[in-house]
Amino acid sequence: MSTVDLVAAERRDLLALLRELSPEEWETPSLCAGWRVRDVVAHLVAYEGRTPRQMLDLAVRGRFVPDRMNAVGVRELAGRTPEELVRRLADHLDPTGPAALFGGRVGITDGVIHHQDIRRAVGRPRAVPAERLLPALSFALTAPPLRGAWRARGMRLVAEDVGWTHGRGPEVRGPGEAVLMAMAGRRDALRDLRGAGVDRLADRLPPVSGGAR
Numbered sequence: 154m155s156t157v158d159l160v161a162a163e164r165r166d167l168l169a170l171l172r173e174l175s176p177e178e179w180e181t182p183s184l185c186a187g188w189r190v191r192d193v194v195a196h197l198v199a200y201e202g203r204t205p206r207q208m209l210d211l212a213v214r215g216r217f218v219p220d221r222m223n224a225v226g227v228r229e230l231a232g233r234t235p236e237e238l239v240r241r242l243a244d245h246l247d248p249t250g251p252a253a254l255f256g257g258r259v260g261i262t263d264g265v266i267h268h269q270d271i272r273r274a275v276g277r278p279r280a281v282p283a284e285r286l287l288p289a290l291s292f293a294l295t296a297p298p299l300r301g302a303w304r305a306r307g308m309r310l311v312a313e314d315v316g317w318t319h320g321r322g323p324e325v326r327g328p329g330e331a332v333l334m335a336m337a338g339r340r341d342a343l344r345d346l347r348g349a350g351v352d353r354l355a356d357r358l359p360p361v362s363g364g365a366r
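Going by the numbering used here, 160 is the number at position 7 of the sequence shown; the sequence numbering is gapless.
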């Protein structure tokens with residue numbers, strides 16, 4: 154499967170979860186600071202289907218700052234019902250716009266992290282397929298908003314279940330999903346990690362769960 158195909162597969166899995174959520178779960182605070190589950194879903198579809206002119210307009214309103222642009226996109230969809238958000242995601246399984254950049258690596262990394270932002274928040278764990286975790290782990294190191302390489306500096310990350318490693322120094326080891334979420338600034342993932350480098354990594358995460366969007 155191409156990376157773009159992996160994005161579509163990840164979105165289909167997310168759709169299956171969203172169709173099971175209760176109204177209360179849609180309003181649950183996610184692991185992405187300041188966003189409820191519904192806001193995370195809105196973010197994932199906010200850029201889909203936009204023309205280049207519409208993308209430019211959104212960028213101008215967000216002052217060309219990714220976090221501000223993301224916030225604008227979420228606000229635009231604030232009035233949508235869960236059913237409407239689900240329908241919009243179902244209509245855009247194949248990524249376009251920013252999610253398609255770098256051969257789809259933006260989409261698979263963003264998609265896996267935000268899917269887990271929701272699942273961890275509502276207590277519905279899953280096993281993330283290795284073929285999706287591996288490109289997300291590698292891209293999280295270099296994606297500027299995530300600062301993964303900065304957080305991992307001076308330590309060795311070990312994703313035990315997918316055979317992925319990075320760096321040298323005190324070890325931080327555990328499931329690849331937890332390693333990815335910690336690199337993305339999600340403090341909640343620390344409880345699934347172990348090793349001499351965990352305290353150092355914890356010092357580089359926000360005081361509450363939540364990192365780059």
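Glycine residues also receive a C-beta, built at the ideal position from the N, C-alpha and C atoms.
Thinking C-beta only, is residue j closer than 8 angstroms to residue i?
i, j, result
"residue 176", "residue 274", "no"
"residue 194", "residue 238", "yes"
"residue 285", "residue 163", "yes"
"residue 160", "residue 261", "yes"
"residue 190", "residue 174", "yes"
"residue 289", "residue 168", "no"
"residue 211", "residue 222", "yes"
"residue 287", "residue 315", "yes"
"residue 196", "residue 227", "yes"
Which partner residues does residue i have in the DSSP bridge list?
i, result
"residue 310", "319, 325"
"residue 182", "189"
"residue 347", "326"
Where does the unbroken alpha helix (DSSP H) through residue i begin, and where does it stop?
i, result
"residue 175", "Element bounds for residue 175: n/a, residue is neither H nor E."
"residue 292", "283-295"
"residue 267", "258-275"
"residue 357", "Here residue 357 belongs to no alpha helix (DSSP H), and DSSP marks it neither H nor E."
"residue 108", "For the chain, the structure presents residues 154 to 366; residue 108 sits outside this window and is missing."
"residue 229", "219-229"
Note down, in chain order, each residue of its chain lying with its Cβ closer than 7 angstroms to the Cβ of residue i, except the 5 sequence neighbours on either side.
i, result
"residue 349", "323, 324"
"residue 247", "157, 161"
"residue 355", "343"
Output needed for residue i: all residues of its chain with C-beta closer than 6 angstroms, excluding positions within five of it in sequence on either side, in chain order.
i, result
"residue 241", "198"
"residue 204", "none"
Inter-stretch contact at 8 angstroms, needing at least 3 Cβ pairs: the segment 320-333 / the segment 241-259: With the cut-off at 8 angstroms, the segment 320-333 and the segment 241-259 do not touch.
Contact between the segment 299-307 and the segment 333-340 (3+ Cβ pairs under 8 angstroms): With three or more CB-CB distances shorter than 8 angstroms, the segment 299-307 counts as touching the segment 333-340.
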